[in-house]
Amino acid sequence: MPSRKFADGEVVRGRWPGSSLYYEVEVLSQDSKSRLYTVKYKDGTELELKESDIKPLTSFRQRKSGSSSSSPSRRRGSRSRSRSRSPGRPPKSIRRSASQHAEIKDKKEIVEINLCPLKQSGNSISRYNGKPDRIGRNDVSHRNIQDKPYLSQESSYLATQYSLRPRKEEIRFEEIISQEERNVVKEPKSVKIFEITATEPEDLEFGGGFGAFSIMIGLPVMLFMLLLMCREKDPSLVNLPPPLPPLASFWETRVFGVCLLWFFLQALFHLLPVGKVVEGTPLYDGRRLKYRLNGFYAFILTSVIIGISLYWGIELCYVYDHFLQFAVAATVFSVALSIYLYVRSLKASKEELSPGKSGNIVYDFFIGRELNPRIGHFDLKYFCELRPGLIGWVVINLIMLLAEMKVQQRETPSLAMILVNSFQLLYVVDALWNEEALLTTMDIIHDGFGFMLAFGDLVWVPFVYSLQAFYLVSHPNEVSWLFASVIIALKFSGYTVFRCANSQKNAFRKNPDDPNLAHLKIIHTSSGKNLLVSGWWGFVRHPNYLGDLIMALSWSLPCGFNHILPYIYVIYFTILLIHREARDEHQCKKKYGLAWEKYCQRVPYRIFPYIY
Ligand code: NDP
5 MPSRKFADGE
15 VVRGRWPGSS
25 LYYEVEVLSQ
35 DSKSRLYTVK
45 YKDGTELELK
55 ESDIKPLTSF
65 RQRKSGSSSS
75 SPSRRRGSRS
85 RSRSRSPGRP
95 PKSIRRSASQ
105 HAEIKDKKEI
115 VEINLCPLKQ
125 SGNSISRYNG
135 KPDRIGRNDV
145 SHRNIQDKPY
155 LSQESSYLAT
165 QYSLRPRKEE
175 IRFEEIISQE
185 ERNVVKEPKS
195 VKIFEITATE
205 PEDLEFGGGF
215 GAFSIMIGLP
225 VMLFMLLLMC
235 REKDPSLVNL
245 PPPLPPLASF
255 WETRVFGVCL
265 LWFFLQALFH
275 LLPVGKVVEG
285 TPLYDGRRLK
295 YRLNGFYAFI
305 LTSVIIGISL
315 YWGIELCYVY
325 DHFLQFAVAA
335 TVFSVALSIY
345 LYVRSLKASK
355 EELSPGKSGN
365 IVYDFFIGRE
375 LNPRIGHFDL
385 KYFCELRPGL
395 IGWVVINLIM
405 LLAEMKVQQR
415 ETPSLAMILV
425 NSFQLLYVVD
435 ALWNEEALLT
445 TMDIIHDGFG
455 FMLAFGDLVW
465 VPFVYSLQAF
475 YLVSHPNEVS
485 WLFASVIIAL
495 KFSGYTVFRC
505 ANSQKNAFRK
515 NPDDPNLAHL
525 KIIHTSSGKN
535 LLVSGWWGFV
545 RHPNYLGDLI
555 MALSWSLPCG
565 FNHILPYIYV
575 IYFTILLIHR
585 EARDEHQCKK
595 KYGLAWEKYC
605 QRVPYRIFPY
615 IY
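Okay, so the sequence shown: first residue is 5 according to our numbering, each after it adds one.
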């Protein structure tokens, strides 16, 4: 039996969960299996710590004030007056002056945290193992499962070793556990610190395998219908379905070659050693991948190439003339990429897989199995998210502007076309400028890379998002300056909400101590990450979606009110974001448990204030 370093009754210093702070604790016992020490703080709080989180008293220099020996919750008693009680906060926060503490206290919500050891079940210690808690508790009633506060896989780094929940949450957790204990015949469970498990069939999103299959067929069909309709003189819905051109006209090898050239050119730009390298959010195994942020440079280089092409008189309207073939070529490419991604994911290690995968082949092909597929340092998902499709979208818009002038024999583009082009250009430039924000999105953190994102990024974005510009080429709409001013005002109000909300959250996630955010209220969660509950995120639960939808409407309005076709984007986007919000809500409930419920009570509306 390996020898233990600290004896029962020994007074040592134990690390505060998730921080670098050490407090005086007494060793009570050590679990022979897990090798975790149960330690007791001065206020009676008991906690389990790893040996590496315990240090002998002698390894610390004594501070005169003696404050360092106070128990965490006593310390919190004074520190809780500071801006955050998060155990993960750096020590500098405890060096704030008393007046600062008092001042900040009034602005911030305080949720007292109670520390206690994890629940013992028989001889083994129950730990969150990455599975939803229902796994291994099949016999627990549905009601219990629903009520149970979840811990996320992400938060499991803390949760695997410590039970950190607000006191109320802890009481409720205890109640639920004891209720479960009454109902459950326990099966022996192996102790696992961490494991990425497959999504249960009942948890599958998008209607499971059947839904995924329908979407994979439905989306390309819908795309081609939209593109064919857009070319019709009268693109009313009553004229559905549009006449089909001969099948042979859907394919042109040269077009496919241009698509490949575009993709690899963007890949080349991405590989250039310019732009800063940053770390992504921690993965489930604690690693942090590195990403090079050079999307904006890629955009500049692309603009230079487009400028040179125009100067040399290269006929860019070729893209407009072969728009359908381009969409087909991009679809073929995205399907081929999805197959490649699926096949390579079969060889990926468990740690590389996304938590969304299920074991259902169709569903996994759609949602993606591998979280961050990389060829060397080249991250395929990250690259596809913002480069070929997004930059391609604005290039297509520009080509539509040129096509409008050519088709309608105009010397200058229409005001409607200028509005659509500049609004969407702003959106794309904003995304590239704030590229780092991508690293905290669901797409990067949660979703694997499969057909959903490959088709979405490489086909849907460039060919559906450019529909307004495509529509205006053959359906001119004169916009008065007065109406244009209203649309511009709408666009900028949407942009303000979108940008401010996203920036506020990103700044908070990057540095919860950011002095610019000191006025905002927060709710503490058991994962160590906190939730903003005032400012933009106290207005509705997804202010960024609200702003995005306002902007989407402003992109459609320049096309007038003759047809619904240019509004398809805003309709589709509303459905997408409502569904996305529900997915995110589900994830956040798992991650934050009762703290999330509390947030929902404080901020009842999801996207649209007083409506939804
Ligand atoms: P969000 O950027 O809204 O991220 C959601 C995450 O934010 C949550 O999972 C949670 O993660 C964190 N969060 C939620 N509430 C709070 C809070 N109160 N305080 C602090 N953190 C909170 O979601 P998306 O990734 O879906 O969207 C990113 C942007 O991309 C949005 O602006 C969206 O409109 C846009 N978008 C555009 C699309 C397009 O096609 N044009 C498609 C999809 C999105 P955690 O706590 O783990 O940090």
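Beta carbons: idealized from backbone N, C-alpha and C, even for Gly.
### Message
Is L598 near the ligand NDP - that is, is its Cβ less than 6 Å away from at least one heavy atom of it?
### Response
no
Using the Cα positions of V225 and P246, report the straight-line distance between them to the nearest angstrom.
12 Å
Put T335 into one of helix, strand or coil per three-state DSSP. helix
| field | First and last residue of the uninterrupted alpha helix (DSSP H) at P392 | value | P392 to V411
Helix, strand or coil, according to DSSP, for S56 in the structure here? helix
| field | D383, DSSP secondary structure in three states | value | strand
Let's see if you can read the secondary structure: which residues bound the beta strand (DSSP E) around S484? It is not in any beta strand (DSSP E) - S484 carries neither H nor E in the DSSP assignment.
Q | Candidates N298, K280, V336 and V282, of which the one nearest A458 by Cα | A | V336
In the DSSP assignment, find the unbroken beta strand (DSSP E) run with V607 in it and report its ends. Looking at the DSSP string, V607 is not in any beta strand (DSSP E), and its letter there is neither H nor E.
Residue of C321, R292, G261 and W316 minimising C-alpha distance to F474: C321
Would you mind reading off the limits of the beta strand (DSSP E) that contains R17? V15 to R19
| said: Distance check for R17 and L264, CA to CA, integer angstroms please. | reply: 60 Å
Notebook entry, point to check: With I400 and S338 assumed to form a contact (beta carbons below 8 Å), what rounded beta-carbon distance in angstroms separates them?
Noted result: Not confirmed; about 16 Å, so no contact.
Practice prompt. Tell me whether K280 counts as near the ligand NDP, meaning its Cβ is closer than 6 Å to at least one heavy atom of that ligand.
Written response: no
Taking the C-alpha atoms as reference points, what is the distance between P249 and W255? 11 Å
TODO: Give me the Cβ distance between G372 and G452, rounded to the nearest whole Å; I'm assuming they're in contact under 8 Å.
DONE: 3 Å
- Query: Tell me which same chain residues have a C-beta within less than 6 Å of the C-beta of A102, skipping the five on either side of it?
  - Reply: Because A102 carries a pLDDT of 38, less than 50, the predicted location of this residue cannot be relied on, and no value is offered for it.
**Asked** Does the region 364–384 touch the region 439–446, meaning 3 or more C-beta pairs lie closer than 8 Å?
**Response** no
Self-check item: H2 versus K514, L251, L536 and R513, residue with shortest Cα-Cα distance
Solution: Residue 2 lies beyond the range of the chain shown here (5 to 616); nothing can be said about it.
Problem set entry | Neighbourhood of N548 by C-beta, 6 Å cutoff - its chain only, sequence neighbours within 5 removed | F502, A505 and N506
Quiz item: From F543, E389 and G299, pick the residue whose C-alpha is nearest to that of P277; which is it?
Solution: G299
Is L405 closer than 7 Å to P392 when the C-beta atoms are compared?
no
Practice task
Within its chain, find whatever has a CB closer than 7 Å to the CB of I449; leave out the 5 residues flanking it on each side and keep chain order.
Solution key: T285
Notebook entry, point to check: Using a C-beta cutoff of 7 Å, does L328 count as contacting chain C?
Noted result: Although the question refers to chain C, the structure presented lacks it and comprises just one protein chain.
| Going by C-alpha distance, which of D207, E50, S558 and I58 is nearest R8? | I58
Exercise for review: Reducing DSSP to helix, strand and coil, say where S33 ends up.
Suggested key: strand
- Along the alpha helix (DSSP H) that carries K593, what are the first and last residues, could you check? I572 to Y596
Taking all protein chains shown into account, decide if S88 is buried (16 or more other Cβ within 10 angstroms of its Cβ) or exposed.
Note that S88 has pLDDT 33, beneath the 50 cutoff, so the model's placement of it is unreliable and no number is given.
| task | Verify the contact flag: Y549, CB atom, against every heavy atom of the ligand NDP, threshold strictly below 6 Å. | result | yes
Is it right to say I395 is buried, meaning 16 or more other beta carbons lie within 10 angstroms of its own, or is it exposed? buried
Quiz item: Comparing alpha-carbon positions, which option in V282, K54, S313 and H274 lies nearest Y301?
Solution: H274
Start and end residues, alpha helix (DSSP H) containing T306: G299 to Y315
Determine the closest residue to E14 out of W20, Y367 and P60, with distance taken between C-alpha atoms. P60
When L51, D368 and E50 are compared against Y344, the one with the closest alpha-carbon | D368
(Q) Closest to L476 by C-alpha separation, out of M456, L494, A420 and G498, would be which residue? (A) A420
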